[in-house]
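Notes follow once the structure below has been shown.
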Amino acid sequence: MQHGLIATTALVTGLLVAAPASAADLKIGLAAEPSALDPHYHNLIPNNSMFTHLFDSLVEQDANQHLIPGLASSWKAIDPLTWEFKLRKDAAFHDGTPFTAKDAVFSLCRVPKVPNSPSAFTIYMKAVAAVETPDDHTLILKTATPYPMLPTDMSTLGILPAKSGKVAGPIVFKKTGCEGIEAYPSTEDINAGKVPGTGPFVFKEFVKGDRIVFTRNPNFWGAKSAWDTVTFKPIPADGPRVAALLAGDVDFIENPPSQDLPKLRKDAKLRVVDGLSNRTIYVALDSADAPTPGIKLPKNPLHDARVRKALSLAIDRKAIRAKIMGGQSEPAGQIISTGLYGYNPALKPDSFDPKGAKKLLAEAGYPNGFEIVLGSPNDRYMNDEKIAQAIAQYWTRAGVKTRVDATTKSVFFSRRGKREFSAYLAGWGAGTGEASSPLKSLVACRKPEIGYGTTNYTNYCNPKLDATLTEALATIDDKKREGLLQQALAEAQSDTGIVPIHYEKTPWAMKKSLTYTPRVDQYTVAMEVKPAK
Amino acid sequence: MSATASPSPVAVETPLHRLARKFAANRVALGGLIVFAAIALVAIAAPLAAPQNPYDLASLDIMDGSLEPGTPNADGRPYLLGTDEQGRDMLSAILYGLRISIGVGVGSTVLALSIGLAMGLFAAYSGGWRDTLVMRLVDLQLGFPPILIALILLAILGRGVDKVIIALVAVQWAYYARTVRGSALVERRKEYIEAARCLALPYTRIVFGHLMPNCLPPLIVVATMQVAHAIALEATLSFLGVGVPVTEPSLGMLIANGFDFMMSGKYWVSFFPGITLLVTVVSINLVGDHLRDILNPRLQK
Amino acid sequence: MGYVLNRLIQGLTVIAAMAGLVFVGVYAIGNPVDMLISPEADQAEIDATIARLGLDKPLLEQFLNFVSGVLHGDFGTSFIYNEPAVRLILDRFPATLELAVSAVLIAILVGIPLGVIAGLIPDKPAGRSIMAVSILGFSLPTFWVGMMLIMIFSVWLGWLPSTGRGETVELFGIPVSFLTASGLKHLLLPAINLALFKTSLVIRLARAGTREVVGQDYIKFARAKGLPESRVILVHLLKNMMIPVVTVLGLEFGSVVAFAVVTETVFAWPGMGRLLISSIVQLDRPVIVAYLMLTVLLFVIVNFVVDLLYALLDPRVRRKGA
């Protein structure tokens, strides 16, 4: 009823009135509940998308993960080691305190100081060597080596008011711990709504396991929300979440399961929106020159690049898209989604070629194939274990007899960490929205001390790739860096160091009276939910 | 009530014979038994009866995925109950799933019964601190909700048919131990045991030759109901994500998979396994229910 | 006194043994750091997280820390929420309790009348139908029924909300939902779902009880005395039949609370069962351990009290136990 009214109002006024006069409430059904509202506590999609309602960052990412001004209205590299951020003068915290450079420094200081953080944001502060504030609305960040990713890193860190901590005198940034700050607000304080942000919504209520409620911030510096109140309800089970939308208990849900989409799309009362995400689903193959646990052979056949290529050719990505994903995917030929920064248009997905696969296997000395176990989680990615079963079908038909070992994600990730899989299916979301993220973590040689190959459990190591990537990560020039990243992506595919399957297309379902701008980062944010025209 | 009681049982009839005769008198229960026997037979014969081996990945084709019931396959034979998204023939999947479900149900019950029987007899016959120890263990076990124990055990052990059986045995054995001990205590005081003791028969012979057969009837009732219970519990555990592996689905797993398809209109993926599970469990319960009625002496007056 | 002491020692032994078992068991499940940490984290960050969570220490030391914490009333801090595990559980306890109590009430209110009818007319169609329904109730998996209830009453008919808890108000400082209209509406479907199994149980118990009681002399006598049938049923029959029903339900209450896991998952009910499931999925060890230890504690206390009561009522037990 209410939303019908909103839709009508919007229609009549042609969306000139951003906020309708009547109370506009929005209820959103979430697939995963955030563990906290603290922007520095837990680096995880549900948390990161939730805190953006309350807290802004210096730099923001738009729906396509391009950097746009946030609390910083502009930024530039003065020299390769110095970045200048000009801060917005019209932003204020929810309690009315104006935002200044002091708040930014205070927030950066807090990042490594969150007690018991299960997954800290410290990695995004690693490059920052020094911080200066020449005036209230200028922030200078210095790095030890040229670091082009600095603005991207800043887009992940929410800004808290300095007032929320105990500040004694001027704050001096020190890498080992800032001076002048006696206490920081606790995660609990933030969860209880005691710490105001500058964001488009104001905290109202957080009942763990049941609901999170925000109200509109009437004094927001940017585009004001169309909603007076937004309520988020965690409904982790897929069926009940869809049921809640159909029953009208919520207006909007994230991640409706792909098999329900055809029916939801046909429903005249509903709208389904989808968009390509930054998540690549891939198969990793152990390329070690040593026996591997999932294959009972004295020699590891996957060490041979021809075998890896054969396994990639054996997969019909289009059939998986049509039959398993219900169209919610795009076949992949590299590990960064189409159109994102660094994407290499020359790399096409391997087309389905069972004959070619058998030929390559024979050339490599396996005319009769071999037996292999394909590991997969069953509750992490869209249809993960179903995709694994389909891949097992294709491999088995190509002669490589495959058994799927699908387990719940906690077990899967632990076993992967212990390197129990010779082949496994997993996914990677490029949180930074560009190619260095998957390159660095998935295919760079494993050097965890410098953050390379942190998720490379396959012994894949291509020195040429590493050299190109390292050069890219030190190149400030955007055009040149993009070329280097494209080159590194091509390098990873040249010897099939990893087998990309597809990019997920993220769906959202909502009442017909609403629209949503799909986000590449898969975030569900109330700011992007708008009354339909 | 008492008017319907059958003519007095003949003295030479063994307890089991008597049971069988009384059981056959109730048509509903007999029907339940026949239905269950038929289901069990089909399940055992699944490799012969099923049109497809759903575990053989080479025989599946995802291009045949999510077909409606009755759609013909490449050979022109229809998929009677449709296919799931992997192109797995639902009829075959149900037959094989039945096999796993019944296997888990019966297997865990038989194992739990054996353990419970041994423990119960041991406790009743030896008495003293041994009895106390066993019974304290039983009390402790029964104090915890079965689903909680199974859930935690499986979280630790991981997925797998064998692991589900272990978890189900762990939650069931105590019922049998308690039941057996109860009836064994009663039997122990009877004359025939005294007589056997006086004859100085060996311990094992008294326990297994004399004590055990007379403790069996109440156990059969508990066991029947527990088979049904175990099958349903396995389905629930699979639904919660800690049951059998997804590649070798039991009925419960099939329903849980189909749960994803609930809103999609592809009803056949969970509807048919659901009906099969229901018929199986109901038929077992009908049998168990009637057995309980005949074995409750107080209703026999 | 010696008896009390004896039982106390027994109880403590059970708690100690279970603490060891639970701790070692839960710590055998996976590596929480693999689950928690951002996959982009470098080695320094991974090591820092491991140290922060105290996972770098040997198992025995972790266990001793846990034990000394428990002795001070601290069951550990959630890895995920950074809150005391016990508080997380207790925060969600009222929701689960409300659901479980509602389910038991439904089971009694529906089950007893049906069971008595089935017991009074066991061979008539009505009596047989009731028993058939109770067998169905026994046989249908709870999660499947839950989904069906949502489909029928929320999606098709639109009568009741599908998920969540609705509005709550404080009653003696505890948030409850049954006092608000929205809360009551939200409560109904999950409560029915959870009640289903126990209703079947109550029907059976009530039926068996009725059949037994009806055969007793005092009922025959009451009838012979010409008392109206309604009075016979209401006073004599119910009074005598309620004892086993209430006893069994009391014993089964724990299992209702545990089975709420399934209902809470289907209906997104914010109770502690769902917390347990998500803690298992996310390997939030302290919460799992605290949940299990609280269960053990509750069990031991209940048993201890029951034993004491029995001992007070029946002196023979006291002698035997000493």
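Sequence lines, in order, name chains A, B and C.
Sequential numbering of the first sequence, starting at -5, is according to this note's numbering.
Sequential numbering of the second sequence, starting at 2, is according to this note's numbering.
Sequential numbering of the third sequence, starting at 200, is according to this note's numbering.
All residues carry an ideal CB built from backbone N, CA and C; glycine is no exception.
The structure presented is a predicted model; accordingly, all values stated were derived computationally and were not measured.
Notebook entry, point to check: Taking buried to mean at least 16 other C-beta atoms within 10 Å of its own C-beta, is lysine 317 of chain A buried or exposed?
Noted result: buried
Notebook entry, point to check: How is threonine 212 of chain C classed by DSSP in three states: helix, strand or coil?
Noted result: helix
Margin query: Quick check on glutamate 244 of chain C - is its C-beta less than 8 angstroms from some C-beta in chain A?
Written below: yes
Margin query: Per the DSSP calculation, glutamate 324 of chain A is bridged to which residue(s)?
Written below: A:Tyr497
Next item on the list: Just the C-alpha distance for glycine 128 of chain B and glycine 183 of chain B, rounded to the nearest angstrom, thanks.
Entry: 12 angstroms
Notebook entry, point to check: Is the CB of threonine 225 of chain A under 8 angstroms away from at least one CB in chain B?
Noted result: no
Margin query: Between glycine 421 of chain A and chain B, is any beta-carbon pair separated by less than 8 angstroms?
Written below: no
Check: Looking at the unbroken alpha helix (DSSP H) that takes in serine 281 of chain A, where does it start and where does it end?
Finding: No alpha helix (DSSP H) holds serine 281 of chain A; DSSP gives it neither H nor E.
Notebook entry, point to check: Which residues of chain C have a Cβ atom closer than 7 angstroms to the Cβ of leucine 240 of chain A, listed in chain order?
Noted result: Val354
Notebook entry, point to check: Between the stretch 383 to 402 of chain A and chain B, which residues of the former have a C-beta closer than 9 angstroms to a C-beta of the latter?
Noted result: Gln383, Ala384, Ala386, Gln387, Tyr388, Trp389, Thr390, Arg391, Lys395, Thr396, Arg397, Val398, Asp399, Ala400, Thr401, Thr402
Notebook entry, point to check: Given a threshold of 16 other Cβ atoms within 10 Å of its Cβ, counted over all protein chains shown, does glutamate 463 of chain C qualify as buried or as exposed?
Noted result: buried
Notebook entry, point to check: So with Cβ pairs under 8 angstroms, would you call isoleucine 318 of chain A a contact of chain B?
Noted result: yes
Next item on the list: Could you name the residues of the stretch 334 to 345 of chain C whose beta carbon sits closer than 9 angstroms to any beta carbon of chain B, in the order they occur along the chain?
Entry: Ile334, Leu335, Phe337, Ser338, Leu339, Pro340, Thr341, Phe342, Trp343
Note to self: Quick check for students: name the residue ranges of the alpha helix (DSSP H) that lie wholly in the stretch 120 to 202 of chain A, counting only runs of 4 or more.
What the structure shows: 144 to 148, 181 to 185
Checklist line | Spatial distance of methionine 376 of chain A from glycine 321 of chain A (CA atoms) | finding: 12 angstroms
Margin query: Below 8 angstroms, how does it come out for the stretch 277 to 294 of chain A and the stretch 461 to 470 of chain A: are there three or more Cβ pairs, yes or no?
Written below: no
Check: Comparing the C-beta of threonine 448 of chain A with each C-beta of chain C, is any distance below 8 angstroms?
Finding: yes
Check: Between valine 170 of chain B and the rest of its own chain, which residues show a CB-CB distance below 6 angstroms, the 5 nearest in sequence each way excluded?
Finding: Ser109, Leu112, Ala113
Notebook entry, point to check: Bridge partners of tryptophan 215 of chain A, per DSSP?
Noted result: The partner list for tryptophan 215 of chain A (beta bridge, DSSP) is empty, contrary to what the question assumes.
Notebook entry, point to check: So what does DSSP say about aspartate 19 of chain A, is it helix, strand or coil?
Noted result: strand
Notebook entry, point to check: Going by alpha carbons, who is nearest to alanine 417 of chain A out of A:Ala382, A:Gly359, A:Ile39?
Noted result: A:Ala382
Checklist line | Cβ separation of leucine 483 of chain A and isoleucine 329 of chain A, assumed to be a contact under 8 angstroms, to the nearest whole Å | finding: 7 angstroms
Item checked: Own chain residues within Cβ distance below 7 angstroms of cysteine 216 of chain B, not counting five before or after -> Val181, Ser184, Ala185, Glu188
Note to self: Could you tell me the alpha carbon to alpha carbon distance between lysine 524 of chain A and cysteine 103 of chain A, rounded to whole angstroms?
What the structure shows: 36 angstroms
Next item on the list: Could you check the C-alpha separation between proline 485 of chain C and isoleucine 479 of chain C for me, to the nearest Å?
Entry: 10 angstroms
Item checked: Own chain residues within Cβ distance below 7 angstroms of leucine 409 of chain C, not counting five before or after -> Note that residue 409 of chain C is threonine in the sequence shown, not leucine. Here the set comprises Gly314, Val315, Gly318, Leu319, Leu436, Met440.
Next item on the list: Check the Cβ of valine 213 of chain C against every Cβ in chain B and list those closer than 7 angstroms, keeping chain order.
Entry: Leu141
Next item on the list: Would you list, in chain order, the members of the stretch 282 to 294 of chain C that have their beta-carbon closer than 7 angstroms to a beta-carbon of chain B?
Entry: none
Notebook entry, point to check: Under a three-way DSSP split, which group does aspartate 416 of chain C fall into?
Noted result: helix
Margin query: My output table needs one value for valine 11 of chain B: the three-state DSSP class, helix, strand or coil.
Written below: Unreliable positioning characterises valine 11 of chain B in this predicted model, as indicated by a pLDDT of 46, which lies under 50. A coordinate reading is not provided.
Note to self: Using only the alpha-carbon positions, how far apart do isoleucine 103 of chain B and valine 344 of chain C sit?
What the structure shows: 21 angstroms
Check: Which first and last residues belong to the alpha helix (DSSP H) in which alanine 299 of chain C is found?
Finding: 284 to 319
Check: Are the beta-carbon atoms of valine 437 of chain A and arginine 397 of chain A separated by less than 8 angstroms?
Finding: no
Margin query: Can you pull the chain B neighbours of glycine 363 of chain A, defined as C-beta to C-beta under 8 angstroms?
Written below: Within 8 angstroms Cβ-Cβ: nothing; glycine 363 of chain A doesn't reach chain B, min ~11 angstroms.
Item checked: Alpha-carbon to alpha-carbon, tyrosine 280 of chain C and serine 29 of chain A -> 6 angstroms
Checklist line | Which listed residue (A:Trp502, A:Gln59, A:Glu414) has its alpha carbon closest to that of leucine 279 of chain A | finding: A:Glu414
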